[in-house]
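S.K.:
2 protein chains.
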Amino acid sequence: MTEPRDHTGERLDHRVRRSWTPAGGQDAILPPHATRWLASKTGLTEQSTPAAPDSALAVGEPDLPDVARKALESVVGTDHLLRSRDDRLGRTGGLSYLDLLRHRGTGALTVPDAVVLPADPGQVQRVVEVCAEHGVGLVPFGGGTSVVGGVQALRGTKESVIVLDLCRLDKLVSVDPVSRLAVLQAGVVAPDAERLLAAHGLTLGHVPQSFERATIGGFAATRSSGQASAGYGRFEDMVEGVRMATPRGEWRLGVSPASAAGPDLRQLVMGSEGAFGVLTEVTLRVRTRPAARRYEGFVLDGWSRGANAVRELAQQRVLADVTRLSDPHETDLAFALSGGWKTELMRRYLRLRGVLDPCLLVLGWEGASDAEVASRRRATLRALRRHRGVSLGTVVGEKWRHGRFAGPRQRDALLDLGVCVETLETATYWSTVDTLRSAVRAALVDSLAGSSRTPIVACHISHAYETGASLYFTTLVPRDADDPIGQWERAKAAACEAISSNGPLGTISHHHAVGVDHAPYLPAEIGPLGVDVLAAVKRELDPEGVLNPGKLLGRPPS
Amino acid sequence: MTEPRDHTGERLDHRVRRSWTPAGGQDAILPPHATRWLASKTGLTEQSTPAAPDSALAVGEPDLPDVARKALESVVGTDHLLRSRDDRLGRTGGLSYLDLLRHRGTGALTVPDAVVLPADPGQVQRVVEVCAEHGVGLVPFGGGTSVVGGVQALRGTKESVIVLDLCRLDKLVSVDPVSRLAVLQAGVVAPDAERLLAAHGLTLGHVPQSFERATIGGFAATRSSGQASAGYGRFEDMVEGVRMATPRGEWRLGVSPASAAGPDLRQLVMGSEGAFGVLTEVTLRVRTRPAARRYEGFVLDGWSRGANAVRELAQQRVLADVTRLSDPHETDLAFALSGGWKTELMRRYLRLRGVLDPCLLVLGWEGASDAEVASRRRATLRALRRHRGVSLGTVVGEKWRHGRFAGPRQRDALLDLGVCVETLETATYWSTVDTLRSAVRAALVDSLAGSSRTPIVACHISHAYETGASLYFTTLVPRDADDPIGQWERAKAAACEAISSNGPLGTISHHHAVGVDHAPYLPAEIGPLGVDVLAAVKRELDPEGVLNPGKLLGRPPS
């Protein structure tokens with residue numbers, strides 16, 4: 018496979034990769050009742066803000082010296098060094114709201130000078146070495162789903178920058194069924210990973226919202242966390258070993274499930290976002306595919322009750338594999354997007370049951386048998402009982418499960434309608450969860466509200482731990498036509514300040530990573546010494562500073 | 018508290034701290050039938066090899082320049098800088114077999130030039146800075162229970178070396194009952210930690226064999242793993258935050274239960290063994306104290322069946338909180354040390370049940386209620402059934418639980434008898450567990466067997482994971498009177514070579530850490546790049562190279 022394709026085999030053009038919309042995807046369409054509701058809530062008046070035509074996008078000529086180009090071609094072959102406008106545009110930026118705006122004609126694109134498609138870990142290693150030798154910036158690129166600028170083709174201190182697209186590293190290298198280990202190449206997209214493992218009766222169980230496009234290497238490089246993290250763990254919990262190409266040579270880590278042989282350096286590689294090296298293979302803990310599952314919707318009355326319930330499930334260690342609590346704003350949004358008489362009936366039913374401030378709780382259990390699922394469900398519901406959860410049954414649960422990757426797709430429809438739509442996330446300890454939620458919510462509302470605009474700020478807990486939880490915010494507000502980029506940049510900065518102040522209150526990212534956008538807030542979280550340590554590691558592994566310029570550490574370490 | 022005391026309040030002299038024998042401890046005595054059995058099995062003839070008198074130990078004069086001494090005294094006060102022979106001997110080395118031999122008069126002791134007892138994290142920070150300024154080596158010292166040379170007072174490139182004893186940092190700093198977090202100072206010994214937390218209805222649940230003496234800081238610095246790791250996790254799984262004194266200033270980490278804000282630097286601190294800084298506070302995940310427990314003994318027929326059973330429990334995620342499988346050699350040893358007619362009856366009973374090659378399996382469940390323990394026990398036993406485990410009941414389980422810290426104490430009696438007795442441990446993936454066990458066993462047997470000496474090499478799995486398990490070896494052999502140190506050094510080297518070859522086959526340490534002893538084998542495990550990365554981090558945090566010289570990285574980084 019020499020060109021990027023999605024997991025259905027469809028060739029990806031840069032718009033498709035960028036916008037998430039598979040051809041003909043029905044769930045990308047916003048129903049009329051949802052549009053009307055949005056208008057009434059937010060003051061949305063604009064009804065059509067189409068993207069600028071592709072030809073209108075400003076794309077400079079590639080600026081890669083011949084000597085570097087030839088050296089790269091000698092590694093990957095001339096067919097696998099791409100310089101066309103479309104090929105470069107297809108690996109320009111990620112999938113944040115601002116990335117999408119830029120591709121629609123608002124704001125400057127950071128287009129790479131070339132795209133290199135190595136065939137295997139050996140070629141990746143040589144590409145990295147060529148870039149170090151010629152001082153060419155190198156941006157590792159998997160699914161291109163970063164929402165924090167993690168794949169921006171920034172030049173840093175270099176004249177040229179290439180994107181190293183890992184799409185040809187799409188193989189299952191080996192399976193050890195006894196140890197339940199699988200070695201996957203870094204460019205394998207998640208649906209392919211599941212398909213390849215299913216042939217062995219195995220699963221990874223990693224289902225972040227980026228599932229359809231994101232890659233194994235990207236998950237590891239960014240410390241991804243999937244919707245079933247309570248059951249399957251965060252991605253770093255699944256990683257047993259890594260193989261990474263660095264300018265100083267290949268680095269392999271991982272010889273046992275646990276070790277006291279010094280610091281766990283795998284945990285230094287995970288989250289390094291391509292700044293220390295390019296992951297080429299990842300050894301993963303896998304499980305047998307679940308034979309049974311049950312997804313179910315519940316409603317709890319009020320955020321405090323809901324959060325306390327999830328906390329108790331976590332601390333009693335009876336969390337469902339998927340445990341997702343929406344706050345009243347997100348619950349309202351979900352009901353409104355569903356619409357129809359069934360939703361209205363549900364609202365009335367909940368009022369009758371005395372639920373004044375409904376918070377949707379989706380629980381999903383997966384297991385080897387119906388009996389196992391039933392037994393684990395009983396343990397969860399026993400702990401939930403005193404919080405008076407009202408069951409909405411499996412229809413709501415299954416509906417969530419089937420639509421769970423649709424969110425990013427609906428953004429295209431929302432962008433066409435003139436909506437500013439973006440998400441951000443954090444995590445903190447339980448005693449600070451309410452404070453953090455209020456602070457971020459206030460920051461977003463205050464910075465986005467205007468005379469004619471009322472933002473919707475919805476929040477959910479999707480990852481719960483014994484000591485704390487993640488908070489995921491979705492914001493919708495009519496776009497400021499005069500300054501669409503500034504509008505969101507100010508709101509995002511206000512939210513990040515709220516997270517990073519007073520302690521900080523929470524982590525600047527629970528599962529989206531640092532990229533460019535969060536780099537200014539990293540020192541508040543890990544201290545100046547933490548930044549110095551990361552810079553020292555980078556200097557050691559990437560002395561020329563060619564790897565993913567401007568990510569993680571912000572500017573090149575001095 | 019200004020002087021080191023054990024958790025019963027008894028003042029520690031250097032022999033007590035070193036030998037583990039609390040005054041009057043009955044379980045430190047080896048019964049006569051055990052001695053006879055050992056003699057018949059191993060060829061042991063020597064019956065009395067007492068330690069040399071204390072006065073015979075070669076202890077040099079302290080060599081700490083006045084200017085450094087005064088600077089240290091200005092931080093901690095003159096009362097808390099100790100220079101007496103006894104005070105320095107009490108912090109000389111750890112608790113390995115070779116450490117014990119050295120304290121008995123065989124081999125050279127590495128005695129520090131002074132012992133400093135700071136009162137709090139602020140004083141620790143200033144002591145670290147004074148040492149950096151004056152070029153004095155500094156060895157952080159908690160319980161002194163290292164068995165890999167981790168607290169040897171080596172000088173490295175420095176003229177002088179002090180021990181920084183953390184015994185005054187013995188406080189519970191704060192508890193957050195909502196988030197289930199506790200901040201403990203680094204010098205708190207494990208029994209005190211449990212006592213302090215019990216006042217809040219909480220527990221840590223960390224019970225390594227070193228429990229009675231080891232400290233919170235030591236657990237974190239060495240990535241310790243307790244006997245109930247399947248239930249409570251490894252120590253690094255419990256650590257949410259750290260506070261560390263480094264020559265470049267204080268470093269605090271940990272703001273949320275999980276994060277994607279770059280690499281997890283807490284995992285770089287854990288396992289750093291005092292080479293990057295001195296831990297002063299650790300923020301830990303705690304749990305409610307279990308209200309119910311059940312410990313039970315089982316026997317499985319043969320190592321393969323036993324290991325497969327434990328693997329299935331781990332992969333089906335129904336491990337008991339304590340899960341410990343002895344191989345036939347260790348089972349034989351345990352039965353022989355128990356002795357008596359009850360044991361003989363048990364052997365006959367097992368033969369009648371068709372168990373030809375008994376492997377003892379101890380399972381322990383702890384929980385909030387008898388019902389919870391019963392439910393989890395049912396799940397474990399359901400998975401165990403097809404492996405035809407024979408129950409020995411709760412008496413065997415409780416006996417193990419009560420005697421589980423006695424092993425190290427019995428070493429004193431064995432040393433007096435002329436036995437070379439030591440343990441070592443590793444871990445690997447399930448598909449390699451048998452190969453690794455055979456290889457290490459063969460290395461130990463081959464290097465220790467002689468015309469008049471037959472070694473006992475016993476092994477158990479005490480920490481099981483979905484993808485693999487630890488292997489813990491206990492070796493007993495008559496001491497070579499002519500070359501007692503060389504005898505064990507050669508055996509240990511052979512075992513380490515077996516672990517580090519062919520892949521490597523396993524990790525050089527699952528829970529004992531690197532120290533001095535394992536440093537030569539670290540490059541095989543983490544690669545030369547891994548060693549370079551650790552050295553770069555050390556240069557960044559400890560540019561003068563004063564922190565715990567010779568540990569982790571072996572020699573000072575260039």
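Those protein sequence lines, which keep their order, are chains A and B. Just so you know, the first sequence maps onto residues 18 to 575 in the numbering used here. Just so you know, the second sequence maps onto residues 18 to 575 in the numbering used here. Glycine is no exception: its CB is placed at the ideal position from the N, C-alpha and C atoms.
Out of A:479, A:508, A:283 and A:123, which has the shortest C-alpha to C-alpha gap to residue 473 (chain A)?
M.R.: When only C-alpha atoms are compared, the closest one is A:508.
S.K.: Consult DSSP for residue 570 (chain A) and reduce its assignment to one of helix, strand or coil.
M.R.: Residue state, collapsed to three classes: coil.
S.K.: Given that residue 525 (chain B) touches chain A, what residues does it touch there, using C-beta distances under 7 Å?
M.R.: Correct list: 278.
S.K.: Per DSSP, which residues does residue 438 (chain B) bridge with? Please list them.
M.R.: DSSP, once it has assigned bridges, lists B:493 as partnering residue 438 (chain B).
S.K.: Are the C-beta atoms of residue 202 (chain A) and some chain B residue less than 9 Å apart?
M.R.: Chain B, which has no Cβ nearer than 9 Å to the Cβ of residue 202 (chain A), makes this no.
S.K.: Helix, strand or coil for residue 249 (chain B)? Go by DSSP, reduced to three states.
M.R.: If DSSP states are grouped into helix, strand and coil, residue 249 (chain B) belongs with the helices.
S.K.: For the segment 259-273 of chain B and the segment 543-550 of chain A, state whether three or more C-beta atom pairs, one from each stretch, are separated by less than 8 Å.
M.R.: Touching, per the Cβ criterion.
S.K.: Thinking just about the alpha-carbon of each residue, which of B:399, B:389, B:379 and B:393 is nearest to the one in residue 418 (chain B)?
M.R.: Measuring from the Cα of residue 418 (chain B), the nearest candidate turns out to be B:379.
S.K.: What residue range does the beta strand (DSSP E) around residue 155 (chain A) cover?
M.R.: Counting along the chain, the beta strand (DSSP E) containing residue 155 (chain A) begins and ends at 154-158.
S.K.: Which stretch, first to last residue, makes up the alpha helix (DSSP H) that contains residue 320 (chain A)?
M.R.: Residues 320-332.
S.K.: Can you tell me where the beta strand (DSSP E) with residue 182 (chain B) in it begins and where it stops?
M.R.: Per DSSP, residue 182 (chain B) belongs to the beta strand (DSSP E) from 178-182.
S.K.: Beta-carbon separation of residue 164 (chain A) and residue 491 (chain A) under 9 Å?
M.R.: No, these two residues do not count as a Cβ contact at 9 Å.
S.K.: Excluding the five sequence neighbours on either side, which residues of its own chain have a C-beta within less than 6 Å of the C-beta of residue 534 (chain B), listed in chain order?
M.R.: The residues are 165 and 166.
S.K.: Roughly how many angstroms lie between the CA atoms of residue 321 (chain A) and residue 253 (chain A), to the nearest whole one?
M.R.: Going from the Cα of residue 321 (chain A) to the Cα of residue 253 (chain A) covers about 30 Å.
S.K.: Go ahead and pull the three-state DSSP assignment for residue 39 (chain B).
M.R.: Its pLDDT being 44, under 50, residue 39 (chain B) is placed unreliably in this model, and the coordinates cannot settle the point.
S.K.: Would you decide whether residue 402 (chain B) is buried or exposed? Buried here means 16 or more other CB atoms lie within 10 Å of its CB.
M.R.: Exposed.
S.K.: Would you say residue 563 (chain A) faces chain B, with C-beta separation under 9 Å as the test?
M.R.: No, its Cβ sits nowhere closer than 9 Å to a Cβ of chain B.
S.K.: Go to residue 384 (chain B), then tell me how far its alpha helix (DSSP H) extends in each direction, as first and last residue.
M.R.: Per DSSP, residue 384 (chain B) belongs to no alpha helix (DSSP H); it is in the beta strand (DSSP E), 375-384.
S.K.: Please list, in chain order, the chain B residues whose beta carbon lies closer than 9 Å to that of residue 75 (chain A).
M.R.: Simply none; closest approach about 32 Å.
S.K.: Who are the Cβ neighbours of residue 446 (chain A) in its own chain at under 6 Å, not counting the five residues just before and after it?
M.R.: Contacts found: 484 and 485.
S.K.: Among B:138, B:197 and B:131, which residue has its Cα nearest to the Cα of residue 171 (chain B)?
M.R.: Selected option, being the one with the closest Cα: B:131.
S.K.: Across which residues does DSSP place residue 193 (chain B) in a beta bridge pair?
M.R.: Answer by DSSP bridge pairing, in chain order: B:198.
S.K.: From this set, B:143, B:538 and B:510, which residue's C-alpha is nearest residue 92 (chain B)'s C-alpha?
M.R.: Checking every option, the nearest Cα to that of residue 92 (chain B) belongs to B:143.
S.K.: Buried or exposed for residue 560 (chain B), going by 16 or more other Cβ atoms inside 10 Å?
M.R.: The residue is exposed, with fewer than 16 neighbouring Cβ atoms inside 10 Å.
S.K.: For residue 143 (chain B), which three-state DSSP category applies?
M.R.: If DSSP states are grouped into helix, strand and coil, residue 143 (chain B) belongs with the helices.
S.K.: Take the Cβ of residue 280 (chain B) as the centre, count every other Cβ of all protein chains shown within 10 Å, and call the residue buried at 16 or more, exposed below.
M.R.: Its Cβ being crowded by 16 or more others within 10 Å, residue 280 (chain B) is buried.
S.K.: Any idea which residues DSSP pairs residue 314 (chain B) with across the strands?
M.R.: For residue 314 (chain B), which the question treats as bridged, DSSP gives the partners B:379 and B:410.
S.K.: Residues of chain B with CB closer than 7 Å to the CB of residue 485 (chain A), please, in chain order.
M.R.: Simply 196, 273 and 274.
S.K.: Would you say residue 39 (chain A) faces chain B, with C-beta separation under 9 Å as the test?
M.R.: Any reading at residue 39 (chain A) needs caution, since the residue's pLDDT is 45, under 50, leaving its predicted position unreliable; the model's value is listed next. No, no contact with chain B.
S.K.: Can you pull the chain A residues whose beta carbon is under 7 Å from the beta carbon of residue 447 (chain B), in chain order?
M.R.: Within 7 Å Cβ-Cβ: 195 and 196.
S.K.: Nearest CA to the CA of residue 150 (chain B): which residue from B:566, B:562, B:568 and B:569?
M.R.: Of the candidates B:566, B:562, B:568 and B:569, the one whose C-alpha sits nearest the C-alpha of residue 150 (chain B) is B:562.
S.K.: Can the beta-carbon of residue 134 (chain A) be found closer than 9 Å to that of residue 159 (chain A)?
M.R.: Result no, Cβ atoms of residue 134 (chain A) and residue 159 (chain A) do not sit closer than 9 Å.
S.K.: Quickly, what does DSSP pair residue 477 (chain A) with across the bridge? List them, please.
M.R.: DSSP output for residue 477 (chain A) lists A:343 and A:489 as bridge partner(s).
S.K.: Going by DSSP, name the residue or residues bridged to residue 305 (chain B).
M.R.: In DSSP, residue 305 (chain B) forms a bridge with B:219.
S.K.: Less than 9 Å between the beta carbons of residue 431 (chain A) and residue 493 (chain A), yes or no?
M.R.: Their beta carbons are under 9 Å apart, which means residue 431 (chain A) touches residue 493 (chain A) by this criterion.
S.K.: Is it true that the CB of residue 210 (chain A) sits closer than 9 Å to the CB of residue 221 (chain A)?
M.R.: Cβ atoms of residue 221 (chain A) and residue 210 (chain A): closer than 9 Å.
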